[in-house]
Structure formats: C-alpha cells, structure tokens
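Just below is one structure, and these are the notes that go with it.
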Amino acid sequence: MSVLLLAKMLGCRVVVVDVVDEKLEHAKLNGADATVNASKEDAAAAILDITDGGAQVSIEALGIETTTNASLECLAILGRHVQVGMPSGDGQMQVNMRAIYSKQLSFFGTRGMPSWKYPRLLGMIERGEVDIQPMVAREVRLEEASNELRAMNGPTSPGTAVITRFQP
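Position 40 of the sequence shown, counting from 1, maps to 43 under the working numbering, and the rest follow consecutively.
In structure tokens form, the structure reads like this:
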C-alpha cells in the first residue's frame, strides 16, 4: 500500500498483485489502475498484457522465489526490479537470470528507506501530499503487538495495525 500511494503521488500507473481479493479491492479503492490475483492467474502474463509489453519497475515485497521471478518476468526490456522482501531461512533463492540477461534488467536490493530521508517523507505526509490513512487498519495497545506480528504468518486483511496506546 505504501508503494501504491507514493507511486500514484508521483504520477505512475500502478498494478498491484496479491492473493487476497480484499486487499486487491482496497488497492483499487486507493488508486491502483489494475489488480492481479496471483492465486487465480499468471501474474507476469497478466501484467505484460495490462501494460502492453511489460512494466518499467517492479517491486517485490514478500521475499518468495515465485513472486520474485514473476516480478522479473513482468518487466519490459531495460526494466528495473526492486527486491524489498528478504527470503526466510538462509536468504537463498533461485532467480531467473535468463529474464535479467535477455531483457537487460536492473536488479536492486534494499533494506528500506535510509533514516536521512525520513524528514522529506514526513514533510510530504505533513503537507498532505501523501495520505497514509489507507495503510492504517486499526490502532492497538502495545500488549497486542505480538498478536499482530503472529497474524503476519498468513494472509491478512488490508492495512496495518499501529500501536497508539502504550499504557495498559
């Protein structure tokens, strides 16, 4: 959702991929130009069709081999892939090097935004240039944080929990 909101603010056309219909509907309501349910169709093929030849940029946030390769395969020639999701375990996965090589793709890894960029992002939020409200699903107490983290082991509803109450 954060990528969707920032990309739309920058004027991009955005295709969101997930396996939870409720999240895809939430993305549509918040500006996604198209959505693809990867559990029901071939995500790379659908994006190639939607974009008439491939996306310029793809961002993979799960760290799963299947979604990483779909993210590469949906790109146009000279496209850019950003790997946000870290694979679990030893961090290893097989990546479709033929797609990278044949399409001359750029592959970037990231651990998130560096802290020195926070003031710029927070300023954009403060000025109302980016509305983060679609990302916030609920406010919870600090003692509920462990339950929220455990819930992330499976499909979750749209949005995230924000800890706003630190006292019992």
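From the three backbone atoms N, C-alpha and C, an ideal C-beta is built for every residue, glycine too. What you are looking at is a predicted structure, and each value in this text was computed from that prediction instead of being measured.
Is it buried or exposed for residue i, if we count other Cβ within 10 angstroms and need 16 for buried?
| i | result |
| --- | --- |
| LYS120 | exposed |
| GLY14 | exposed |
| THR113 | exposed |
| ALA148 | exposed |
| MET4 | buried |
| SER42 | exposed |
| GLY126 | exposed |
| SER74 | buried |
| LEU27 | buried |
| ALA49 | buried |
| ASP21 | buried |
Can you list, in chain order, the residues of its chain whose CB lies under 8 Å from that of residue i, leaving out five sequence neighbours each side?
| i | result |
| --- | --- |
| GLU142 | ALA164, VAL165, ILE166, THR167 and ARG168 |
| MET116 | LEU124 |
| GLY34 | LEU7, LEU8, LYS11 and VAL17 |
| ASP176 | There is no way to answer for residue 176, as the model of the chain reaches only from 4 to 171. |
| PHE111 | ARG83, HIS84, VAL85 and GLN86 |
Any idea which residues DSSP pairs residue i with across the strands?
| i | result |
| --- | --- |
| GLN86 | GLU63 and GLY112 |
| LEU7 | Note: LEU7 sits in no beta bridge, so no partner. |
| ILE166 | VAL143 |
| THR19 | Per the sequence presented here, residue 19 reads as Val, with Thr not at that position. BP columns for VAL19 point to THR38. |
| THR78 | In the sequence as presented, Thr is not what sits at residue 78; that position holds Leu. ALA58. |
Whose C-beta lies closer than 6 Å to the C-beta of residue i among residues of the same chain, with five residues either side of it excluded?
| i | result |
| --- | --- |
| GLU76 | ALA47 and ALA102 |
| LEU81 | GLN107 |
| SER109 | ARG83 |
| ARG144 | ARG168 |
| GLY66 | GLY88, MET89 and PRO90 |
From this set, the options, which residue's C-alpha is nearest residue i's C-alpha?
| i | options | result |
| --- | --- | --- |
| ALA30 | LEU145, GLU129 and LYS11 | LYS11 |
| THR69 | ALA37, MET96 and LEU78 | MET96 |
| SER160 | GLU63, ALA140 and PRO171 | ALA140 |
| MET100 | GLU44, PRO90, ASN72 and GLY92 | ASN72 |
Near residue i, what residues of its chain come up, given a Cβ to Cβ distance below 7 Å and the 5 sequence neighbours on each side ignored?
| i | result |
| --- | --- |
| LEU78 | GLY57, ALA58, SER61, HIS84, LYS106 and LEU108 |
| GLU132 | MET12 |
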